[in-house]
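Taking it in order: structure first as structure tokens, then the write-up.
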Amino acid sequence: MSKPARKVSAAPPAPPAGTVLSVASECAPLVKTGGLADVVGALPAAMAPLGWELRTLIPAYRGLKERLDRAESLWRDDDLFGGPAQVLAGRSAGLNLLLLDAPHLFDRAGTPYLDEAGRDWHDNPLRFAALSWAAARIAQDGLSDGWRPDLIHAHDWQAGFAPLWTQGATPSVMTIHNIAFQGIAPSSMLSELRLPWDRFNPDGYEFWGNISALKAGLVSADAITTVSPTYATELTTPEFGFGLEGVIRARADVLSGILNGVDRQAWDPATDANIAANYSAGDMNGKSLCAAALREEFGLDAADGPLCIVVSRLTRQKGLDLLLESLPVLTGAGGQLALLGTGEADLQDGFQQAAARDPGRIGVRIGYDEALAHRMFAGADAVLVPSRFEPCGLTQMYGLAYGTLPLVARTGGLADTVIDANDAALRAQVATGLQFAPVTAEALSLSLRKLCTLFQRSGTWAKMVQRAMAHPVGWDASARDYARLYEKLT
Ligand code: ADP
Ligand code: GLC
2 MSKPARKVSA APPAPPAGTV LSVASECAPL VKTGGLADVV GALPAAMAPL
52 GWELRTLIPA YRGLKERLDR AESLWRDDDL FGGPAQVLAG RSAGLNLLLL
102 DAPHLFDRAG TPYLDEAGRD WHDNPLRFAA LSWAAARIAQ DGLSDGWRPD
152 LIHAHDWQAG FAPLWTQGAT PSVMTIHNIA FQGIAPSSML SELRLPWDRF
202 NPDGYEFWGN ISALKAGLVS ADAITTVSPT YATELTTPEF GFGLEGVIRA
252 RADVLSGILN GVDRQAWDPA TDANIAANYS AGDMNGKSLC AAALREEFGL
302 DAADGPLCIV VSRLTRQKGL DLLLESLPVL TGAGGQLALL GTGEADLQDG
352 FQQAAARDPG RIGVRIGYDE ALAHRMFAGA DAVLVPSRFE PCGLTQMYGL
402 AYGTLPLVAR TGGLADTVID ANDAALRAQV ATGLQFAPVT AEALSLSLRK
452 LCTLFQRSGT WAKMVQRAMA HPVGWDASAR DYARLYEKLT
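As structure tokens, this is what we get:
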């Protein structure tokens with residue numbers, strides 16, 4: 002959570018197009034557990050040059066209020082789901098933030114979703130219903146400074162009730178960052194969550210007898226987006242839809258996939274203040290210094306093979322159990338691994354044991370460390386992303402930007418951002434990485450072997466690195482897509 006503060010964009014102000022209330026549970030660099038935060042944090046600066054003014058509403062988790070400059074209270078509620086609340090407006094890290102200050106719900110130790118013992122907060126349904134409620138009130142009544150959004154942009158289940166409560170009054174976009182998380186609550190909470198009884202049915206927010214916050218958003222938003230075109234298609238299938246594929250199919254006319262971008266202010270090897278030496282496609286010298294520093298930091302031997310990294314939540318989604326199985330193939334072919342991640346205990350243990358068995362070739366850090374992540378992208382040759390499903394994925398794009406070639410599973414946004422080095426693509430000189438399918442340990446092993454072979458063809462590899470670094474990963478095209486959508490709805 003220690004990204005450098007973004008610089009305020011120097012772009013000339015665009016004619017005003019409209020105002021948007023962006024609602025989410027995370028926003029980088031203030032609070033981040035994954036890519037959702039990166040995207041929510043980057044969207045305002047991406048949309049500003051197109052004339053869209055975004056204000057971002059997130060909960061005032063412990064310690065966040067102190068990071069707000071010139072905080073002003075612009076909204077109050079004496080009883081927001083069990084206690085008094087206010088919305089504090091102010092600037093932080095170049096963002097126009099609205100913090101929902103409701104101490105009874107958010108002023109706690111732990112992460113946004115988990116208590117100190119790593120369990121879901123028992124009142125998560127209530128906490129994020131409160132976030133959505135405040136968003137809906139702001140959309141309907143405005144803030145006391147007179148600001149009222151033309152549109153609500155709700156991110157993931159934590160904001161899912163906002164489109165339900167504002168339906169017909171304020172246009173809304175519901176963005177699915179990950180359909181595996183749906184915000185399910187028992188039907189006994191219906192009145193506590195202030196939900197309308199008449200929508201508790203299969204066409205509304207009811208999901209197999211329970212309440213689903215994400216489904217509430219999906220059935221009531223004016224538009225649904227997800228974070229890559231391929232994931233938009235995958236979501237309509239039982240394999241990827243997590244039970245909501247029927248709902249998505251029924252709303253296919255308003256569904257689109259808009260690829261995430263990378264915040265180039267924070268992720269650019271030419272300016273990144275976290276790394277041992279800066280470099281660019283035109284001058285790659287710094288990258289070998291970064292590589293040496295990274296090997297030293299992870300205690301890895303000097304080597305002729307590729308230094309691979311993983312920076313990830315350690316969960317089943319990310320397919321890292323497959324990588325554990327395939328590790329002997331990688332090291333056997335001369336490759337090395339440096340992994341940074343936190344998550345499921347068996348994966349943490351598995352990687353730590355692998356590192357203990359082979360310390361010169363495998364290095365593991367269990368934890369969350371933003372600055373180390375930057376050093377890893379700068380110093381590595383390849384980044385591995387063997388996800389079973391991946392709505393968009395950001396680390397493969399950081400890999401492209403840093404000339405650290407991505408080896409990815411052919412799914413979701415991974416399939417949309419990496420051009421596989423098959424023979425045709427190599428001949429046509431378009432490849433930027435490797436894709437494998439199906440998502441099995443066998444296919445991953447084959448791909449790792451291919452990676453090590455390709456790495457030895459240093460001319461081919463260097464060309465792929467150049468192409469990867471030239472691949473556009475910024476927000477430009479996607480910001481235009483969002484602007485077109487916002488315009489259509491307002
Ligand atoms: P997801 O949101 O599913 O976790 P993404 O690839 O979209 O996956 O985004 C993950 C983000 O979190 C990236 O910015 C990545 O660098 C960061 N990240 C994940 N794990 C760690 C960690 N242990 N330390 C630092 N950054 C991490
Ligand atoms: C989710 C997805 C990830 C995506 C991120 C930002 O966490 O798992 O693929 O990149 O959201 O949209």
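Per our numbering, residue 2 is the first one in the sequence shown, and the count goes up by one each step.
Virtual Cβ for every residue (Gly too), placed ideally from N, Cα, C.
For clarity, every value in this text was computed on a predicted model and none was experimentally measured.
Enumerate in chain order the residues of its own chain whose CB-to-CB distance from residue i is below 7 angstroms, with the five nearest sequence positions on each side excluded.
i	result
Asp359	Thr332
Gly361	Leu301 and Asp302
Ala233	Thr227, Leu256, Ser257 and Gly258
Gly1	Any answer about residue 1 is impossible in this case: the structure gives the chain only from 2 up to 491.
Thr272	Asn279
Ser145	Leu75 and Trp76
Ser281	Pro270 and Ala271
Arg252	Leu219 and Ile225
Ala43	Gly262, Asp264 and Trp476
Measuring CA to CA, which of the options is closest to residue i?
i	options	result
Gly91	Ala103, Gly306, Leu58 and Gly83	Leu58
Leu325	Gly111, Asn423, Val386 and Ala381	Val386
Leu301	Leu340, Gly283 and Ala49	Leu340
Arg71	Gln467, Val263, Leu99 and Gly342	Leu99
Asn286	Arg296, Asp80, Ala86 and Gly380	Gly380
Ser313	Leu323, Ala357, Ala383 and Thr396	Thr396
Ala383	Leu435, Gly342 and Tyr369	Leu435
Gln168	Ala155, Asn179, Ile177 and Ile180	Ala155
Leu191	Ala356, Asp116 and Phe201	Phe201
Leu452	Gly364, Ala217 and Thr405	Thr405
Leu245	Ile139, Trp268 and Val220	Val220
Thr231	Leu96, Ile139, Ala410 and Ala86	Ala410
Tyr206	Thr112, Phe241, Pro164 and Leu328	Pro164
Phe162	Ala181, Arg195 and Gly320	Arg195
Gln87	Leu96, Asp80, Glu73 and Asp102	Asp102
Pro197	Trp134, Gly184 and Ile276	Trp134
Phe390	Ala110, Val431 and Phe437	Phe437
Thr573	Arg138, Gln430, Val419 and Ser388	In this structure the chain extends from 2 to 491, so residue 573 is not present and cannot be described.
Gly400	Asp124, Leu81, Leu290 and Ala469	Ala469
Glu298	Ile310, Leu89 and Asn179	Ile310
Leu447	Ala416, Arg458, Pro473 and Leu408	Leu408
Ala293	Glu443, Asp142, Phe378 and Asp204	Phe378
Gln467	Asn97, Lys319, Gln430 and Glu443	Gln430
Please report the Cβ distance between residue i and residue j, rounded to the nearest whole angstrom; I am assuming they are in contact, meaning their Cβ atoms lie under 8 angstroms.
i	j	result
Arg68	Leu106	19 angstroms between Cβ atoms; not a contact.
Leu215	Trp158	4 angstroms
Ser173	Gly414	That belief does not hold up - the Cβ atoms of Ser173 and Gly414 are roughly 23 angstroms apart, past 8 angstroms.
Ala130	Trp476	That belief does not hold up - the Cβ atoms of Ala130 and Trp476 are roughly 31 angstroms apart, past 8 angstroms.
Ile153	Thr176	With a Cβ gap of about 11 angstroms, Ile153 and Thr176 do not count as contacting.
Pro307	Gly336	5 angstroms
Ile420	Thr433	5 angstroms
Ser23	Leu55	5 angstroms
Glu345	Leu315	5 angstroms
Ile276	His375	6 angstroms
Ser327	Leu449	6 angstroms
Counting only the same chain and skipping the five closest in sequence on each side, list residues whose C-beta sits under 6 angstroms from that of residue i.
i	result
Ala186	Pro126 and Ile212
Ala6	Confidence at Ala6 is low in this model, with a pLDDT of 49, below 50, so its placement is unreliable and the value that follows should be read with caution. Contacts found: Ala94.
Asp269	none
Ser479	Ile259, Leu260 and Gly262
Ser26	Pro113 and Gln159
Cutting at 8 angstroms between CB atoms, please list the residues of its own chain near residue i, excluding the five before and the five after it.
i	result
Ala18	Leu51, Gly52, Trp53, Ala484, Tyr487 and Glu488
Ser3	Residue confidence is low: Ser3 scores 45 on pLDDT, short of 50, so the model does not pin down where it sits. No coordinate-derived value is stated.
Leu455	Ala422, Leu435, Thr461, Trp462 and Met465
Lys8	Confidence in Lys8 is poor, its pLDDT being 49 and thus under 50, which makes the residue's placement unreliable; the coordinate value appears in the next sentence. Contacts found: Gly95 and Gln266.
So what does DSSP say about residue i, is it helix, strand or coil?
i	result
Arg485	helix
Thr332	helix
Ala378	The question names Ala, but residue 378 is Phe in the sequence shown. Three-state DSSP puts Phe378 in a helix.
Phe241	helix
Met175	strand
Arg265	coil
Phe82	coil
Ser74	strand
Lys4	In this predicted model, Lys4 has a pLDDT of only 46, less than 50, meaning its place in the structure is not dependable; the value taken from the coordinates is given anyway. If DSSP states are grouped into helix, strand and coil, Lys4 belongs with coil.
Gln436	strand
Ala471	helix
Ala410	strand
Glu27	coil
Ala186	strand
Leu323	helix
Trp247	According to the sequence displayed, residue 247 carries Gly and not Trp. Helix.
Can you determine whether any heavy atom of ligand 3 sits closer than 7 angstroms to the C-beta of residue i, and answer yes or no?
i	result
Cys453	With respect to ligand 3, the structure offers nothing, as its ligand set consists of ligand 1 and ligand 2.
At what residue ranges does the segment 336–370 contain a whole run of the alpha helix (DSSP H), taking only runs of 4 or more? Fully enclosed alpha helix (DSSP H) runs of 4 or longer: 346–358.
Could you tell me which whole alpha helix (DSSP H) segments of length 4 or greater appear in the segment 87–170? Taking only runs of at least 4 residues, the alpha helix (DSSP H) segments lying wholly in the segment 87–170 are 104–107, 125–142 and 162–167.
Which runs of the alpha helix (DSSP H) fall wholly inside the segment 191–225 and span at least 4 residues, in chain order? Segments of the alpha helix (DSSP H) lying fully in the segment 191–225: 214–221.
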